[in-house]
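Participant: Numbers in this note's numbering are just positions in the sequence shown, counted from 1, shifted up by 286.
All C-beta atoms in this analysis are idealised placements derived from N, C-alpha and C, irrespective of residue type, glycine included.
Values in this document were obtained by computation on a predicted structure and should not be read as measured data.
Here it is, the structure in full.
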Amino acid sequence: MSTAERTRTLRRRMVAEARRSTAESGLHGFTIEQLCETVGVSRRTFFNHFASKEDAVLGIELHADVDLLTAYARGEVVPATLDPLSSVVALAIEQVHAVGIDRSENALVRRVFEREPALVARFLSATDVQLAQVADAVRERFGWTVTDDPRARLVTESAAALLKVTADRWFDADPDDPTFDDQLTTNLRLLRAAISTGQDDTP
């Protein structure tokens, strides 16, 4: 296992434990020290990855995606031949692979939000920040640097909507259904067909 893979695995363990503890006891029902002891890491290691207990619960990592977005903005990571929307969808797939998604986590995250509703606002705020960062990378990649050019945001928000619809369906689907990547790719095709022709192009 590479260093990067070990780091991702460790982050997932911290996030999973933070979510489990929050769902069972609430945010104030456990300390960072207790979380670190359970996972087997030091406080220093925890704060190398997360700014707070809340961020660990939400999976908001320090400096997350910086290298990936920088490479994307330079025209790397995904094929340079892809159009803007396809490239952002491909970038999203790379991000999903890096973070790792698990259907079993969906029910746990819902329990966390039910137990601590205030975390929803924090999650939405973090999502807005991430979308802005992706839009900046899109703007740089495609040279859309004119002030008030809306294309980067339009592309980014469209990709975010595709991700949301795909995730909603994927998390509730049968484990034997197509992979997340396949469903996202299919939904991109359906969106293009709907916009360009308005005709039914269901899979």
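Between which residues of its own chain and aspartate 337 is the CB-CB distance below 7 Å, once the five residues before and five after are set aside?
Facilitator: Here residue 337 is alanine; the residue named in the question, aspartate, does not match the sequence. So the qualifying residues of the chain are Leu348.
Participant: I need the straight-line Cα distance from threonine 293 to serine 482, nearest angstrom please.
Facilitator: C-alpha separation (whole angstroms): 43 Å.
Participant: Would you mind sorting alanine 366 into buried or exposed? The rule is 16 or more other CB atoms within 10 Å of its CB.
Facilitator: By the 10 Å Cβ count, alanine 366 comes out exposed.
Participant: Looking at C-beta atoms only, is the number of pairs between the stretch 459-470 and the stretch 377-396 that lie closer than 8 Å three or more?
Facilitator: The answer is yes - the stretch 377-396 touches the stretch 459-470, with three or more Cβ pairs under 8 Å.
Participant: Exposed or buried, methionine 287, counting other C-beta atoms within 10 Å across all chains shown (16 or more means buried)?
Facilitator: Exposed is the call here.
Participant: Going by beta carbon distance, what residues of the same chain come within less than 8 Å of glutamate 455, once the five residues before and after it are set aside?
Facilitator: A small fix is needed here, since residue 455 is arginine in this sequence, not glutamate. Cβ neighbours of arginine 455 beyond the five flanking positions: Gln469.
Participant: Where does histidine 349 fall in DSSP's three states?
Facilitator: Coil.
Participant: Measuring alpha carbon to alpha carbon, tell me which of Ala309, Thr324, Asp414, Ala421 ends up nearest asparagine 392.
Facilitator: Checking every option, the nearest Cα to that of asparagine 392 belongs to Ala309.
Participant: Evaluate threonine 452 with the Cβ neighbour count: other Cβ atoms within 10 Å of its Cβ, from every protein chain shown; 16 or more gives buried, anything less gives exposed.
Facilitator: Result: buried.
Participant: Look at serine 372 and leucine 474 and say whether their C-beta atoms are less than 9 Å apart.
Facilitator: Contact: yes.
Participant: Using the beta-carbon count (16 or more within 10 Å), is glutamate 303 buried or exposed?
Facilitator: Buried is the call here.
Participant: Which of helix, strand or coil does DSSP assign to threonine 367?
Facilitator: Here threonine 367 sits in coil by DSSP.
Participant: Just how far apart, CA to CA, sit arginine 291 and aspartate 414?
Facilitator: The sequence shown places glutamate at residue 291, rather than the arginine named in the question. Each residue's alpha carbon lies about 27 Å from the other.
Participant: Judging by CA-CA distance, which residue of Ala446, Ala447, His335, Asp422 is the nearest neighbour of aspartate 435?
Facilitator: With distances taken between Cα atoms, aspartate 435 lies closest to Asp422.
Participant: So methionine 300 is in the alpha helix (DSSP H); what residue range does that whole segment cover?
Facilitator: First-last of the alpha helix (DSSP H) with methionine 300: 289-311.
Participant: Within this structure, are the beta carbons of valine 301 and valine 343 separated by less than 9 Å?
Facilitator: Yes, the pair counts as a contact, with Cβ atoms nearer than the cut-off.
Participant: Measuring only the C-alpha atoms, how far is glycine 326 from arginine 478?
Facilitator: Near 47 Å, if we compare the C-alpha coordinates of arginine 478 and glycine 326.
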